[in-house]
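The block underneath contains the structure these notes are about, expressed in structure tokens.
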């Protein structure tokens with residue numbers, strides 16, 4: 017099994033994605049203050065982060081505007097309130113969910129927007145719709161990726177079929193997304209290898225978006241990285257749905273490229289992220305997430321367990337067998 | 017790189033060690049109630065745990081008895097108060113630190129003790145003293161291991177010299193101990209391979225004791241396991257010094273041998289471990305531990321940071337450079 021480098025290697029192909037607002041927004045319904053988003057934007061620039069995901073491009077016909085903060089919808093004026101014209105080297109991305117986005121109505125031509133990249137999130141069974149969205153966003157001038165979610169539930173031949181389609185599409189990269197936090201490094205190793213076999217000949221990259229249900233988000237991210245994945249998602253303080261994601265502070269502490277700098281992230285964490293925890297927002301590894309991850313189940317029941325402040329982990333475990 | 021199995025493999029050579037009282041005792045100076053220790057003992061038996069470490073065999077000439085709970089010293093009558101004659105399949109171990117233990121005075125002949133195994137903990141530069149202790153404990157009839165601590169600070173030729181000595185000693189196994197939580201899976205992979213090259217021809221095993229400074233305790237444990245390490249240390253709720261250890265609940269959720277059962281551990285966690293957290297005991301991953309781990313430093317400064325309830329992670333990071 018050929019690796020693309022070891023602990024000492026500087027890999028110029030690596031690009032770090034901050035997904036704090038987008039995945040973290042699933043914790044607080046995207047009600048971040050402008051001060052928070054602006055401070056994170058500046059911290060990411062200073063830290064050398066390559067892309068910052070500003071949120072979702074959700075359809076206001078499906079989601080009520082009053083139920084969510086601005087970052088669920090990422091209107092152009094919301095974005096510009098924070099970044100102006102974004103006169104920096106850091107690119108901005110938004111996520112577009114298949115079936116929950118109206119790209120034709122909501123996505124401006126690239127020259128009118130500060131958005132650089134549209135990441136299309138799809139389950140394996142909605143690939144044709146994802147490809148349509150990718151082609152449309154691409155035709156407007158955006159970079160695109162395809163983020164195939166819940167890959168631990170997908171069948172290998174279906175993944176291979178999706179990868180074949182994507183190799184012929186205008187995407188920059190395809191993402192391995194472990195939505196359930198169910199995967200271990202040896203599985204990530206095999207998946208990365210398979211994704212690269214389809215993507216490399218087409219001149220495309222592979223990315224990784226991991227969840228921490230079994231405390232594997234960082235370990236899986238560096239395993240994928242060492243196998244050749246180059247787009248690496250992380251969030252400050254691991255903020256993200258349920259057990260959260262790969263911590264930006266862990267990832268930047270690990271990467272050897274001197275362009276990355278952990279200090280602005282530490283400062284943001286102590287000044288902003290900790291306040292959210294003090295205000296009562298809950299995310300991060302806990303035993304209920306281990307149990308849904310281990311059983312390869314959607315974390316929704318573990319999130320409900322957390323909200324209800326339950327501590328009967330052993331009962332919860334046995335209730336999960338009814339969901340399996 | 018040859019692996020000893022994959023995710024589906026049932027490995028009869030694996031033995032799970034519960035180190036909750038011993039490593040967790042470093043969090044509360046070993047002041048566990050008898051009820052706690054007894055409940056853990058019963059939970060471990062029901063969970064199929066192979067060894068339970070009851071604490072240290074510390075020298076009362078060095079440590080004041082009144083400053084610590086009983087499990088710092090593991091006197092025979094303390095042990096028997098919990099386990100009687102231990103009429104079970106689960107074996108009991110104690111840890112003996114080089115330079116802090118008086119084996120000649122404190123270790124009874126095996127026939128008079130419920131202890132089955134003495135694990136001798138040493139730094140690489142005190143190997144001769146460790147070998148003396150191993151030979152003495154062995155001569156009294158005990159199983160022994162050698163736990164070479166802070167291996168991330170040791171030089172490879174020194175480790176190889178130690179392994180050569182240990183291959184000729186009466187130990188059952190030698191442990192890879194990542195005291196600083198500094199190591200990543202690819203380093204664990206190389207270390208496990210090297211330890212096995214020395215130990216397998218001598219009919220001895222390799223173990224792993226990991227710390228969670230960089231959220232790698234579980235990932236490193238299963239990496240070592242898949243490379244052939246067979247003695248796996250874990251603690252309930254990851255309770256252990258600083259960032260803590262590999263969680264027993266994570267490890268038992270992962271292992272495929274049907275003899276292991278996660279439910280008694282979940283029940284113990286919700287009934288006993290959580291109470292310690294509610295009472296204010298602190299352990300587990302946090303950013304200060306990531307920083308000492310990343311810099312390959314002893315966690316003592318991060319433990320002090322935690323006790324002082326400091327949150328100035330970025331200052332702390334830059335203070336660490338003075339310790340390097």
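Chains as they are written, first to last, in our numbering: chain G, 17 to 340; chain B, 17 to 340.
Heads up, the beta-carbon is just placed ideally off N, CA and C, and yes, glycines get one too.
Just so we're clear, the structure is a prediction, and the values are computed from it rather than from any experiment.
task = Rounded to whole angstroms, what's the CA-CA distance from residue 293 of chain G to residue 189 of chain G? Just pull it up for me.
result = 33 Å
query = Looking only at its own chain, which residues have a Cβ that is under 6 Å from the Cβ of residue 94 of chain B, when we skip the five neighbours before and after it?
reply = 86
request  = For residue 201 of chain G, count neighbouring Cβ atoms within 10 angstroms of its own Cβ and tell me buried if that reaches 16, exposed if not.
outcome  = buried
request  = State yes or no: is the beta carbon of residue 97 of chain B nearer than 8 Å to at least one beta carbon in chain G?
outcome  = no
request  = Can you give me the Cβ contacts of residue 57 of chain G inside the same chain, cut-off strictly under 7 Å, excluding the 5 residues immediately before and after it?
outcome  = 68, 98 and 99
query = the region 200-213 of chain G: which residues have C-beta closer than 9 Å to a C-beta of chain B, in chain order?
reply = 200, 201, 202 and 203
query = Buried or exposed: residue 198 of chain G, going by 16 or more other Cβ atoms within 10 Å of its Cβ?
reply = buried
task = Kindly indicate the opening and closing residues of the beta strand (DSSP E) around residue 334 of chain G.
result = Counting along the chain, residue 334 of chain G falls outside any beta strand (DSSP E), though it belongs to the alpha helix (DSSP H) covering 329-336.
inquiry  = In whole angstroms, give me the CA-to-CA distance for residue 227 of chain G and residue 163 of chain G.
reply    = 14 Å
message = Could you check whether the Cβ of residue 276 of chain G sits closer than 8 Å to any Cβ belonging to chain B?
response = no
query = To the nearest whole angstrom, what separates the beta carbons of residue 251 of chain G and residue 36 of chain G, a pair I think is in contact under 8 Å?
reply = 4 Å
Min CB distance residue 290 of chain G to chain B below 8 Å = yes
Partners in chain G for residue 234 of chain B, counting only beta-carbon separations shorter than 9 Å = 230, 231, 232 and 235
request  = List the residues of chain B that residue 22 of chain G touches, going by C-beta distances under 7 Å, in chain order.
outcome  = 202
query = Where does residue 133 of chain G land, buried or exposed, given buried means 16+ other C-beta within 10 angstroms?
reply = buried
inquiry  = Taking the beta carbon of residue 148 of chain G as the centre, do at least 16 other beta carbons fall within 10 Å, making it buried, or is it exposed?
reply    = exposed
ask   = Alpha carbon to alpha carbon, what distance is there between residue 102 of chain G and residue 207 of chain B?
value = 46 Å
inquiry  = Tell me the rounded alpha-carbon separation between residue 59 of chain B and residue 280 of chain B.
reply    = 5 Å
ask   = When the Cβ atoms of the region 325-333 of chain G are set against those of the region 32-48 of chain B, are three or more pairs found closer than 8 Å?
value = no
Of the listed residues G:266, G:192, G:22 and G:287, nearest to residue 223 of chain G (C-alpha basis) = G:192
ask   = Ordered along the chain, which non-local residues of its own chain (more than five positions away) have a Cβ less than 6 Å from that of residue 174 of chain G?
value = 140
ask   = Going by the CB atoms, is the gap between residue 231 of chain B and residue 288 of chain B shorter than 8 Å?
value = no
request  = Look up residue 109 of chain G in the DSSP assignment and give the residues it is bridged to.
outcome  = G:69 and G:133
key: Proximity test, Cβ basis, 8 Å: residue 94 of chain B and chain G   = no
ask   = How about the region 70-78 of chain B and the region 110-128 of chain B: do they share at least three Cβ pairs that are nearer than 8 Å?
value = yes
request  = Quick one: give me the first and last residue of the beta strand (DSSP E) that residue 223 of chain B is part of.
outcome  = 221-225
inquiry  = Please tell me whether residue 11 of chain G and residue 153 of chain G are closer than 8 Å, where the distance is taken between their beta carbons.
reply    = The displayed coordinates of chain G run from 17 to 340. Any statement about residue 11 of chain G would go beyond what the structure contains.
request  = Please determine, among B:170, B:112 and B:128, the residue with the shortest C-alpha to C-alpha distance to residue 150 of chain B.
outcome  = B:112
task = Report the partner residues of residue 250 of chain G according to the DSSP bridge assignment.
result = G:34
key: Best match in B:274, B:92 and B:18 for proximity to residue 30 of chain B [C-alpha to C-alpha]   = B:274
task = For the region 315-332 of chain G, enumerate the residues whose C-beta is nearer than 8 Å to any C-beta of chain B, in chain order.
result = 327, 328, 329 and 330
ask   = Can you tell which of G:165, G:114 and G:19 has its C-alpha closest to the C-alpha of residue 146 of chain G?
value = G:114
task = From the DSSP output, in three-state form, read off residue 202 of chain G for me.
result = helix
inquiry  = Given this structure, state the Cα-to-Cα distance separating residue 320 of chain G from residue 123 of chain G, to the nearest angstrom.
reply    = 33 Å
beta-carbon residue 74 of chain G near the ligand MG non-hydrogen atom, thresh 7 Å = This structure lacks the ligand MG, and indeed carries no ligand of any kind.
ask   = Of all Cβ atoms in chain A, is any one closer than 8 Å to the Cβ of residue 246 of chain B?
value = The structure shown contains no chain A; its protein chains are G and B.
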